[in-house]
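Chains as they are written, first to last, in my numbering: chain A, 134 to 396; chain B, 33 to 190; chain C, 885 to 965; chain D, 411 to 926. Step one of this worksheet: look at the structure below.
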């Protein structure tokens with residue numbers, strides 16, 4: 134047996150042993166009164182607060198959305214920043230492979246000429262599919278308050294529609310719709326929208342991301358609706374960044390950073 | 033055996049599986065030779081942790097953490113009684129007055145945390161894959177032992 | 885949450901993880917990793933975490949697998965282990 | 411305005427990064443001024459924070475205004491413990507930005523905006539980690555800083571750099587995941603993510619605090635942070651990652667990343683678990699101190715065996731991490747060990763910055779990668795040499811520099827805690843540093859070359875050497891090096907004031923956070 138294998142087995146056995154040792158101490162699975170779900174005596178339960186009060190605070194029925202975009206909105210902003218940083222890191226790493234930012238020679242569009250029948254079928258089907266996917270993605274972004282979904286999921290689906298274009302015809306066809314300069318801009322604008330909502334709250338003399346004070350700007354009745362609408366705003370910001378960066382990561386990985394040819 | 037199953041395994045079954053998955057991931061991370069395999073191991077490792085977190089928020093017989101915003105159930109019931117206007121009134125005042133029972137709804141907080149963790153996972157995977165492509169371009173191989181040999185030999189030109 | 889369902893998915897999950905790590909063809913490994921992602925998405929839907937399940941369906945079964953396939957196409961398909 | 415300081419600290423570099431992303435693509439000249447301005451804003455904000463904290467106590471900031479009950483929103487906290495660190499991060503960030511002005515620009519010009527936005531996002535992550543009061547938020551920001559540092563390390567085009575970066579990604583992800591798992595265990599047992607809240611739950615419910623799951627959560631968090639800080643058995647990724655990456659990246663990562671992890675460890679020990687809980691059984695703290703002793707000795711010995719300047723410095727970092735972890739775990743009655751280790755975070759940041767800046771300038775201007783290449787360089791570049799000497803003397807521990815005083819406090823802690831092995835390891839490591847650096851001085855001043863040739867790894871050198879421009883004297887680099895060395899000396903001279911601040915912080919925290 135190779136040396137790393139022995140080491141791996143020892144490490145895995147030790148770690149697994151420690152973890153399993155701890156498992157026996159856990160509250161049972163599915164217990165509604167466990168400390169995570171209810172509370173330990175003497176403190177107020179955070180999760181019960183979310184379930185019982187968050188609709189009053191934000192008027193958003195999907196508790197996950199309201200916790201994600203409002204109570205823990207600061208985390209979500211940095212989640213978006215993580216995506217952006219990953220995109221930037223990938224551009225920086227793969228950019229050195231083939232000079233990614235050299236001006237590309239604009240070739241003719243994908244030619245569905247004779248002889249390549251399978252491509253015509255795939256290309257046409259995907260072309261029909263893309264608008265449906267995009268409309269669904271917009272629905273997911275906009276309807277995140279009432280059903281599962283939100284900026285991140287919708288953004289990934291929107292990016293998937295561009296990836297389908299790239300897969301079915303070629304990368305250039307997708308890059309013509311969302312070019313290198315534009316996806317970078319879109320990503321920055323997304324985070325700026327998110328942080329902009331937060332800073333707007335600071336300008337109105339409250340804490341960062343305290344959407345309630347945006348009521349006079351958003352012309353809503355009551356700070357709760359202001360929170361609800363601002364959440365939609367930041368979700369759109371998240372969707373911008375995620376769409377742009379997810380597509381950009383695919384475009385760079387599939388073309389080794391050259392942004393030509395693709396798969 | 034049955035007793036062991038009832039008392040030890042069943043209440044913590046998810047937690048046992050999370051440990052097993054995590055150890056599979058960790059083992060692949062250390063022992064696998066191929067870099068892509070290592071990355072698959074890394075992803076499994078991360079999903080195991082997400083499994084742990086989501087298992088925390090599960091409650092027996094609980095529903096998903098989305099409220100019924102328009103009180104559709106009540107609305108339908110009221111409609112069946114023929115009192116539509118009253119049903120609408122009910123819809124407006126739903127939840128505003130009566131807050132839901134926390135035991136009937138899954139804990140939303142671990143879900144929120146894990147959304148972030150999934151995003152972090154895919155971002156890390158993307159960066160790692162791009163580095164793997166760079167390594168393949170530089171060394172012409174994705175096998176760790178071959179790469180280490182090339183590094184030690186210092187024989188391949190740039 | 886149904887306990888039997890839970891156990892079945894978890895067992896399949898472990899099997900999928902082991903297979904995706906032991907297949908020597910990296911393209912198959914990536915696809916089985918996609919299956920793993922989909923199973924885990926199912927598991928989360930079953931545990932009541934719909935938002936997480938949605939994200940995992942989009943990311944784990946979708947984007948992650950696509951990124952891996954893209955890398956495998958640009959590098960090498962065969963793996964020594 | 412002062413109550414918004416925590417938000418400004420993370421937002422200024424964040425907006426800077428976005429503006430660079432938007433405008434930098436068109437005009438690369440816009441990148442540097444934007445980066446500098448946003449870093450200067452954070453520098454002023456952190457200096458403002460120091461005055462506010464001294465005058466009116468800790469600054470609590472609740473994101474989104476969700477204050478009550480504690481833990482529903484995200485809590486940021488600047489207290490007297492982390493405020494000094496904020497200033498240190500801001501100063502290092504500004505100095506390295508000035509150092510990097512010409513370096514990135516000349517070789518990979520098209521990567522300039524990427525470099526600067528990653529750089530600023532790294533600063534966002536570091537500031538965020540320092541002020542985080544929420545255990546999960548800490549994880550997210552650790553990931554922000556990790557992902558940017560993967561990018562910064564892998565963006566150099568050296569072959570071994572990419573390999574090192576890959577290992578770093580794997581190790582870093584495992585570390586962060588272990589931390590996340592530990593936080594999950596804490597959440598499972600307490601139902602909260604806010605550090606203060608978790609601590610008060612432990613104080614109120616001793617049975618929870620003494621459960622197996624909490625002990626394991628502490629172990630998991632500790633392992634995660636140790637991987638991130640390259641503590642002894644887990645240091646494998648660090649030397650290659652930091653020595654094969656571009657010098658600008660090394661200069662920001664080496665002084666800050668490991669030290670911030672040490673700070674996170676101390677923060678978790680003090681404000682989440684409480685020192686009374688952590689030091690309850692002396693067996694564990696003895697074990698960690700012994701690990702630290704091995705780390706110090708191993709780091710020093712491995713440094714002695716290196717021929718490349720940067721790699722040698724990297725192994726010295728491993729030894730220094732041993733100093734800090736050992737000091738934090740000494741558990742002496744008066745907490746001098748912890749004081750020394752907090753002071754050493756600052757001191758080590760300053761002197762590592764000095765040495766890495768100097769090594770970067772040598773590599774850039776004179777192509778000096780190996781120690782032997784330094785021959786006679788001190789005459790050609792006297793100012794850079796002066797900075798290097800100051801950093802080296804601090805590393806050895808010569809009196810007016812900060813290195814001496816940090817060792818003084820650490821040794822005092824070691825003696826009071828009766829950990830003589832730690833004291834001896836510190837002294838041996840100082841001796842090794844002296845041998846190392848005097849050998850370098852000898853070569854660099856008098857040009858005495860050791861007899862053995864170094865022809866056999868020409869190829870390796872060729873790949874490591876960055877494109878060099880001897881005709882450009884690189885004033886920006888030298889000036890930031892000189893400022894850094896001034897800080898090394900100033901920190902030493904004013905050690906009394908800094909240590910007083912740290913003691914006040916520890917007293918404040920131990921009033922709330924100790925011995926239950």
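Beta carbons: idealized from backbone N, C-alpha and C, even for Gly.
Opposing strand residues paired with residue 962 (chain C) [DSSP bridges]: Locating residue 962 (chain C) in the third chain gives position 78, counting from the first residue. In DSSP, residue 962 (chain C) forms a bridge with C:909.
Interface flag, residue 576 (chain D) vs chain B, CB-CB below 9 Å: As a position in the fourth chain, residue 576 (chain D) is number 166, starting the count at 1. Yes, because at least one Cβ of chain B sits closer than 9 Å to the Cβ of residue 576 (chain D).
Tell me, please, whether the segment 616 to 624 of chain D touches the segment 662 to 672 of chain D by the rule of three or more beta-carbon pairs shorter than 8 Å. no
Under DSSP, the alpha helix (DSSP H) around residue 754 (chain D) begins and ends at which residues? On the fourth chain, position 344 is the one that residue 754 (chain D) refers to. Segment 746 to 776, the alpha helix (DSSP H) holding residue 754 (chain D).
Neighbourhood of residue 888 (chain D) by C-beta distance below 6 Å, restricted to the same chain and skipping five residues each side: Here residue 888 (chain D) refers to the residue found at position 478 when the fourth chain is read from its first residue. Closer than 6 Å at Cβ, skipping near neighbours: 793, 794.
Between the beta-carbon of residue 685 (chain D) and the beta-carbon of residue 745 (chain D), is there less than 9 Å? Here residue 685 (chain D) is taken as the residue at index 275 of the fourth chain, counted from 1. Here residue 745 (chain D) is taken as the residue at index 335 of the fourth chain, counted from 1. It is a contact, given that the beta carbons lie within the stated cut-off.
Taking Cβ positions only, does residue 926 (chain C) come closer than 9 Å to chain B? Counting from 1 along the third chain, the entry for residue 926 (chain C) is found at position 42. At a cut-off of 9 Å, the C-beta of residue 926 (chain C) has no neighbouring C-beta in chain B.
Nearest-angstrom Cα distance between residue 633 (chain D) and residue 588 (chain D)? Taking the first residue of the fourth chain as position 1, residue 633 (chain D) is located at position 223. Taking the first residue of the fourth chain as position 1, residue 588 (chain D) is located at position 178. The alpha-carbon atoms of residue 633 (chain D) and residue 588 (chain D) are separated by roughly 7 Å.
What whole-angstrom Cβ distance do residue 300 (chain A) and residue 162 (chain B) have, given they're in contact under 8 Å? Position 167 of the first chain holds residue 300 (chain A). Position 130 of the second chain holds residue 162 (chain B). About 19 Å separates the two Cβ atoms, so there is no contact after all.
Same chain only: Cβ atoms within 6 Å of residue 471 (chain D), ignoring 5 sequence neighbours per side: Translated into positions along the fourth chain, residue 471 (chain D) becomes position 61. Same-chain partners within the cutoff: 416, 486.
Out of D:541, D:545, D:821, D:440, point me to the one whose CA is closest to residue 596 (chain D)'s CA. What you label residue 596 (chain D) is simply residue 186 of the fourth chain in a count that begins at 1. Selected option, being the one with the closest Cα: D:545.
Note down, in chain order, each residue of its chain lying with its Cβ closer than 7 Å to the Cβ of residue 173 (chain B), except the 5 sequence neighbours on either side. Reading the second chain from its first residue, position 141 is the one you call residue 173 (chain B). Within the same chain, residue 173 (chain B) has close Cβ partners 179.
Which of helix, strand or coil DSSP assigns to residue 305 (chain A): Along the first chain, read from residue 1 onward, the residue named residue 305 (chain A) stands at position 172. Reduced to three states, the DSSP call for residue 305 (chain A) is helix.
Do the CB positions of residue 695 (chain D) and residue 729 (chain D) come within less than 9 Å of each other? Within the fourth chain, the letter at position 285 stands for residue 695 (chain D). Within the fourth chain, the letter at position 319 stands for residue 729 (chain D). No; because the gap between Cβ atoms is not below 9 Å, this pair is not in contact.
Helix, strand or coil for residue 542 (chain D), going by three-state DSSP, please let me know. Here residue 542 (chain D) refers to the residue found at position 132 when the fourth chain is read from its first residue. Strand.
Pick from D:768, D:640, D:705, D:758: whose alpha carbon is nearest that of residue 811 (chain D)? Mapped onto the fourth chain, residue 811 (chain D) falls at position 401. Checking every option, the nearest Cα to that of residue 811 (chain D) belongs to D:758.
Report the start-end ranges of each alpha helix (DSSP H) in the segment 343 to 375 of chain A that is 4 residues or longer and not cut off at the edges. Counting only runs that start and end inside the segment 343 to 375 of chain A, the alpha helix (DSSP H) elements of at least 4 residues fall at 348 to 351.
By the criterion of Cβ-Cβ separation under 7 Å, what are the contact partners of residue 136 (chain B) in chain C? For this step, residue 136 (chain B) is matched to residue 104 along the second chain. The contacting residues do not exist; residue 136 (chain B) stays about 11 Å from chain C at best.
Could you check where the alpha helix (DSSP H) with residue 569 (chain D) kicks off and where it finishes? Position 159 of the fourth chain, counted from the first residue, corresponds to residue 569 (chain D). 569 to 600 is the span of the alpha helix (DSSP H), which, as asked, contains residue 569 (chain D).
Express the C-alpha separation of residue 733 (chain D) and residue 645 (chain D) in angstroms, rounding to a whole number. Counting from 1 along the fourth chain, the entry for residue 645 (chain D) is found at position 235. Counting from 1 along the fourth chain, the entry for residue 733 (chain D) is found at position 323. The straight-line gap from Cα to Cα measures roughly 14 Å.
Please compile the residues from chain A whose C-beta is within a distance smaller than 7 Å of the C-beta of residue 66 (chain B). For this step, residue 66 (chain B) is matched to residue 34 along the second chain. What residue 66 (chain B) touches in chain A: nothing, since even the nearest Cβ is about 13 Å away.
So, does the CB of residue 957 (chain C) fall closer than 9 Å to a CB anywhere in chain A? Looking up residue 957 (chain C) in the third chain gives position 73. At least one chain A Cβ lies under 9 Å of residue 957 (chain C).
Residue 137 (chain B) (DSSP reduced to helix, strand or coil): In the second chain, counting from the first residue as 1, residue 137 (chain B) sits at position 105. Residue state, collapsed to three classes: strand.
Can you pull the chain D residues whose beta carbon is under 8 Å from the beta carbon of residue 147 (chain A), in chain order? Walking along the first chain from the start, residue 147 (chain A) turns up at place 14. Result: empty, since nearest Cβ-Cβ is about 11 Å, beyond 8 Å.
Out of curiosity, what's the CA-to-CA distance linking residue 869 (chain D) and residue 394 (chain A)? Residue mapping note: residue 869 (chain D) aligns to position 459 of the fourth chain, counting from 1. Residue mapping note: residue 394 (chain A) aligns to position 261 of the first chain, counting from 1. In this prediction, residue 869 (chain D) scores a pLDDT of 44, lower than 50, which makes its location untrustworthy; no coordinate-derived value is stated.
Is residue 153 (chain A) close to chain B, meaning its C-beta is less than 9 Å from at least one C-beta of that chain? For the purposes of this step, residue 153 (chain A) is taken as the residue at position 20 of the first chain. By this cut-off, residue 153 (chain A) is an interface position.
By DSSP, does residue 195 (chain A) sit in helix, in strand, or in coil? As a first step, residue 195 (chain A) must be located in the first chain, where it is residue number 62. Strand.
Return the first residue and the last residue of the beta strand (DSSP E) that residue 471 (chain D) is part of. Position 61 of the fourth chain, counted from the start, is the residue given in the question as residue 471 (chain D). That run of the beta strand (DSSP E) goes 469 to 472.
Within 10 Å of its beta-carbon, does residue 555 (chain D) have 16 or more other beta-carbons around it, so buried, or fewer, so exposed? On the fourth chain, residue 555 (chain D) is found 145 positions in, with the first residue counted as 1. With 16 or more Cβ atoms within 10 Å of its Cβ, residue 555 (chain D) is classed as buried.
Could you name the residues of the same chain whose beta carbon sits closer than 8 Å to that of residue 181 (chain B), not counting the 5 residues immediately before and after it, in chain order? Counting from one through the second chain, the residue named residue 181 (chain B) turns up at place 149. Taken in chain order, the list of residues that qualify is empty.
Nearest-angstrom Cα distance between residue 46 (chain B) and residue 137 (chain B)? Counting from 1 along the second chain, the entry for residue 46 (chain B) is found at position 14. Counting from 1 along the second chain, the entry for residue 137 (chain B) is found at position 105. Near 19 Å, if we compare the C-alpha coordinates of residue 137 (chain B) and residue 46 (chain B).
Between which two residues does the beta strand (DSSP E) containing residue 494 (chain D) stretch? For the purposes of this step, residue 494 (chain D) is taken as the residue at position 84 of the fourth chain. Looking at the DSSP string, residue 494 (chain D) is not in any beta strand (DSSP E); the run it does join, the alpha helix (DSSP H), is 493 to 509.
Inter-residue spacing [alpha-carbon to alpha-carbon] between residue 322 (chain A) and residue 428 (chain D): Counted from its first residue, the first chain places residue 322 (chain A) at position 189. Counted from its first residue, the fourth chain places residue 428 (chain D) at position 18. The alpha-carbon atoms of residue 322 (chain A) and residue 428 (chain D) are separated by roughly 8 Å.
Residue-chain proximity (residue 165 (chain B), chain A), Cβ-Cβ < 9 Å: The count along the second chain starts at 1 and reaches residue 165 (chain B) at position 133. Output row for residue 165 (chain B): interface = yes.
Hey, does residue 35 (chain B) have any beta-carbon neighbour from chain C nearer than 9 Å? Walking along the second chain from the start, residue 35 (chain B) turns up at place 3. So, not an interface residue.
Whose C-alpha, out of B:99, B:66, B:56, B:139, is nearest the C-alpha of residue 141 (chain A)? Against the first chain, residue 141 (chain A) aligns to sequence position 8. Among B:99, B:66, B:56, B:139, the Cα nearest to that of residue 141 (chain A) belongs to B:56.
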